[in-house]
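Each remark here refers to the structure printed beneath this line.
Number of protein chains: 2
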Amino acid sequence: MGRESNRVAVALDAMGGDAAPLEPVRGALLASGPELSVLLVGDAAQIEAEVVRQAGSVPASIEIVPAAERIASEEEGARAVRAKPDSSVALACRLVGEGRAQAAVSAGHTGAMLAAATLYMRRVPGVIRPAIAVVIPSVRGQVVLLDAGASAEARPEHYPQYAMMGRLFAQDVLGIPEPRVGLLSIGEEEGRGNETVQAAYALLRDTPGFVGNVEGRDINRGLSDVVVTDGFTGNVVLKALEGAAWYLMTEMRSAVTRTLPGRVGALLVRPSLRRMRQHVDPENYGGAYLLGVRGLAVIGHGNSSGEGIANAVRLAAQGARGDLVTHFAAALGAERAPSA
Amino acid sequence: MGRESNRVAVALDAMGGDAAPLEPVRGALLASGPELSVLLVGDAAQIEAEVVRQAGSVPASIEIVPAAERIASEEEGARAVRAKPDSSVALACRLVGEGRAQAAVSAGHTGAMLAAATLYMRRVPGVIRPAIAVVIPSVRGQVVLLDAGASAEARPEHYPQYAMMGRLFAQDVLGIPEPRVGLLSIGEEEGRGNETVQAAYALLRDTPGFVGNVEGRDINRGLSDVVVTDGFTGNVVLKALEGAAWYLMTEMRSAVTRTLPGRVGALLVRPSLRRMRQHVDPENYGGAYLLGVRGLAVIGHGNSSGEGIANAVRLAAQGARGDLVTHFAAALGAERAPSA
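Protein sequence lines correspond, in order, to chains A and B.
The first sequence lines up with residues 754 to 1093 when you count with the working numbering.
The second sequence lines up with residues 754 to 1093 when you count with the working numbering.
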């Protein structure tokens, strides 16, 4: 698989997310095709009924893999995965570990997906610590931010690995030929930031594409294609950006609909704004990627629509086709990871 | 001053900011009045000419205090303040230290203002470490975020002081009677976050109004009135929020003006959106407050307009009238700071 053929299989947790299995099934039907098969993992009877309801029959590009259990949103992720090895999210990751799929996608429990991927996919040789990468829109195109929360702390030596994984992700998945890498800090000059960030700067100096520090406001400005940071800061910033988008849209709607000319104007600008939301809404970026494990693990938003899940599946397939995992291992100078 | 009288004097660095002294003079003329006098600090001849040009003569509520030097934006803040004790920003802070003004405002060099305030205003007895507070809009009203960058690291014992200062600021300056305090983290439950944040949680448990962890997206949701965090995370988040507002406005404008109905609609919604920007634009919140020094130090945006500077001056005066400094000292159980 991977480099020999363009055909890719993605395991999708059909029981993950607020509207499962309805939206995961929609996503699978939208994304699957001759070159991309989707393994729908979960309650087989329920999934099959939903596929038939939506599509009339089960297409050749979709396979249903029965999983006896599911993990609820209130369970503690790591514990639940150990207690339920036959849950849909655990099985989706095991299918990747066993080589039956090249990537796993879940719009369910983030902590469970992280734990299952770490447990069943194993790390790429040489990777000290996997990281969550997210794609953020900017005026200059897409920006990869990592770590967005796989670990709550980072030591300086983790940053060069984050930079390398982010750079290869930007190349293989986003198609950016020479990604520029920035270190998230609180001032442009070297020497700004906390002690960890200052030490990380020194280690990043020789990283290909390193452009120095970037600040919070530079993310949406696209001053670099990759932004590296610790998982605490990355997660807080990612959620702050989501909150800001939601807040501005909410305020705008209520400001505009307060007057009659505003309401008329709102009708006229609506189609343009709807197109714009395709660019600025995080859901259209297909979620978060756990990088550094053998195979790609993609975590969608819990409230993902079928379209959002389809995007996550497509991007996961793109990463698998680009052979990201093999590139990570090669960049680390370690033995090549088996490509399936 | 302070509690005995409502009259307050604010020292304003007339040479700070991209359009100085024009915009600082505009701000001073807008904000000053019978109960608020402004001391304009800087090149006396230049300031007087600008005041006369704008207002015809120098009003009784404005005093011009000559300062021989100014600090340029490219200078290193702390070093420049030590080298230029007669610079406009240093003198503005010294006027507070000497009791001639109750608060100092500069829209110039953040690092210089921080250094000058720390050097000339001295800490409130009992305060381990001053913090920068910023006011962020939310759907439920204004939110105080601190530390927004006074220090690059925080130890757990700093958080209860940040919480106390943020709470008193929300009461005295923003008029929120019982402010709720949240700890910025990467999950709602206790035990989430990095080691420092976990230890801070334990110390914050007995803080009045403590509501537990809040996440990045909860800032604009107004889940708490005060958000405490370390200066690295706070600064990155503040700038990310500014960047997101700028990005969404930019994308919206270009999306809407691409079609004819969009352009017509944009004309109709413009007045509503302009009013909305009053709420969402950081400039209207008067900048950043250095809390924990004797007297208030307010740092405006470098590109502040006269209105932005006037708001900063008014809020600084409100803090001085509310006797924030005395409240800090009382809350710390230390001797009461002299109120003028």
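Note that CB positions come from ideal geometry on N, CA and C, so glycine has one too.
Note that the coordinates shown come from a computational prediction; the quantities given were computed from them, not determined experimentally.
Residue i at chain A interface by Cβ criterion, 8 Å
i	result
ALA998/B	yes
LEU765/B	no
PHE985/B	yes
SER1058/B	no
THR1003/B	yes
GLY902/B	yes
THR1079/B	no
Cutoff 6 Å; reference residue i; Cβ partners in own chain excluding five residues on either side
i	result
ASN947/B	none
ALA833/B	ILE824, ALA865
VAL818/B	LEU792, VAL794
LYS992/B	none
ALA907/A	ASP983
ALA797/B	ILE817, PRO819
7 Å Cβ cut-off: residues of chain B touching residue i
i	result
VAL1022/A	VAL1009, GLY1015, GLY1018, ALA1019, VAL1022
ALA905/A	ILE939, GLY946, ASN947
Closer than 8 Å at the beta carbon, the chain B residues around residue i
i	result
LEU867/A	None at all; the shortest Cβ gap to chain B is about 12 Å.
ARG1028/A	ALA1008
Residue i CB to nearest heavy atom of the ligand MN below 7 Å
i	result
ARG853/B	In terms of ligand content, the structure shown is empty, and the ligand MN therefore cannot be addressed.
Min CB distance residue i to chain B below 8 Å
i	result
ASN973/A	yes
THR717/A	Residue 717/A falls outside the range modelled here, since chain A spans only 754 to 1093, and no answer is possible.
GLU1088/A	With a pLDDT of 40 at GLU1088/A, under the threshold of 50, the modelled position of that residue is not reliable, and the figure given next carries that caveat. No, its Cβ sits nowhere closer than 8 Å to a Cβ of chain B.
Contacts around residue i, its chain only, beta-carbon distance under 7 Å, and the 5 residues preceding and following it disregarded
i	result
SER785/B	VAL791, PRO812, SER814, ILE815
VAL821/A	Note that residue 821/A is Ala in the sequence shown, not Val. Result list for ALA821/A: ASP839, in chain order.
ALA762/A	SER790, LEU792, ARG853, ALA854, GLN855
GLY919/B	ALA886, VAL897, LEU899, VAL934, VAL979, VAL981
ALA831/B	GLY864, ALA868
ARG945/A	SER938, ILE939, ASN966
LYS837/A	GLU822, ILE824, ALA843
ALA1070/A	VAL761, VAL763, LEU789, ALA856
PRO883/B	THR871, ARG876, ALA903, LEU1043, LEU1044, GLY1045, VAL1046
Under 9 Å from the C-beta of residue i: neighbouring residues of chain A
i	result
GLU968/B	ASN988, VAL989, LYS992, ALA993, GLY996
Closer than 7 Å at the beta carbon, the chain A residues around residue i
i	result
VAL745/B	With chain B covering only 754 through 1093, there is no way to say anything about residue 745/B.
SER1025/B	ALA1008, VAL1009, ARG1011, THR1012, GLY1015
Contacting residues, own chain, Cβ-Cβ under 8 Å from residue i (five flanking each side not counted)
i	result
SER1057/B	GLY770, GLU776, GLY780, ALA860, GLU1036, GLY1040, ALA1065
ARG1016/B	VAL1009, THR1010
GLU801/A	VAL811, ILE817
GLU828/B	HIS862, ALA865
Interface partners of residue i on chain B, CB under 9 Å
i	result
GLY919/A	By Cβ distance, chain B contributes nothing, its closest Cβ being about 17 Å from GLY919/A, past 9 Å.
GLY1072/A	Near GLY1072/A there are no residues of chain B at all, since even the closest Cβ is about 25 Å away, more than 9 Å.
Practice item. Could you run through the region 922 to 954 of chain B and flag, in chain order, every residue whose CB is less than 7 Å away from some CB of chain A? Key: LEU937, ILE939, GLY946, ASN947, GLU948
Review point. Are the region 963 to 983 of chain B and the region 903 to 921 of chain B touching by the rule of at least three beta carbon pairs closer than 8 Å?
Key: Result yes; three or more Cβ-Cβ pairs closer than 8 Å.
Review point. Quick check: the region 919 to 939 of chain B against the region 965 to 973 of chain B, are there 3 or more CB pairs under 8 Å?
Key: yes
Point to revise | Contact the region 1062 to 1077 of chain A vs the region 895 to 914 of chain A: 3+ CB pairs below 8 Å | key: The region 1062 to 1077 of chain A is not in contact with the region 895 to 914 of chain A.
Review point. Can we say the region 1039 to 1052 of chain A touches the region 868 to 881 of chain A, given the rule of at least three CB pairs closer than 8 Å?
Key: Yes, the region 1039 to 1052 of chain A is in contact with the region 868 to 881 of chain A.
Check your understanding: For the region 852 to 881 of chain B, which residues have a beta carbon sitting closer than 7 Å to at least one beta carbon of chain A?
Key -> Residues: none.
Point to revise | Inter-stretch contact (C-beta, 8 Å, three-pair minimum) for the region 953 to 962 of chain A and the region 990 to 1000 of chain A | key: Because the criterion of three Cβ pairs below 8 Å is not met, the region 953 to 962 of chain A and the region 990 to 1000 of chain A do not touch.
Review point. Can we say the region 883 to 902 of chain A touches the region 846 to 859 of chain A, given the rule of at least three CB pairs closer than 8 Å?
Key: Touching, no, given that fewer than three Cβ pairs across the two stretches are closer than 8 Å.
Check your understanding: Do the region 985 to 995 of chain B and the region 917 to 933 of chain B touch if we need at least three Cβ pairs shorter than 8 Å?
Key -> no
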